[in-house]
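This report concerns only the one structure given below.
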Amino acid sequence: MVKHVHEAVWNKLVNLVQKMVNESGEPEGFDAKRWLCTWQHEEVPSLGWKKPVTYLAADREELVALTLQSMQTGAYR
0 MVKHVHEAVW NKLVNLVQKM VNESGEPEGF DAKRWLCTWQ HEEVPSLGWK KPVTYLAADR
60 EELVALTLQS MQTGAYR
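If you're matching positions, the sequence shown starts at 0 in numbering that gives the first Met the number 0 and goes up one per residue.
Laid out in structure tokens, this is it:
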């Protein structure tokens, strides 16, 4: 977990990722927390090549959640 992200926000995002994988992927053996820990530090094209952790630190977790949801549907902004 990122230290400056509220635990409730972090848990919401982990649960969202797990829900997405349950609905659209292969949930067996998938670790949503581990995946999110890695992904948040990667540059994301739909975030202007910024890292999601940048937005989590700025209390913009809804933008991160929307970005994750768009990954599930393939509807990138």
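In this text, a Cβ means the ideal position worked out from N, Cα and C, and glycines have one as well.
Residue i vs residue j beta-carbon contact at 9 Å
i	j	result
Lys11	Ala64	yes
Glu22	Gln71	yes
Val43	Ala31	no
Trp34	Val16	yes
Tyr54	Leu67	no
Glu60	Lys50	no
Under the three-state DSSP convention, the category residue i falls into
i	result
Lys49	strand
Residue i Cβ short of 8 Å to the ligand GDP heavy atom set
i	result
Asn21	No copy of the ligand GDP appears in this structure; indeed no ligand is present at all.
Selection from the options that minimises the alpha carbon distance to residue i
i	options	result
Trp9	Ser69, Asp58 and Gly73	Asp58
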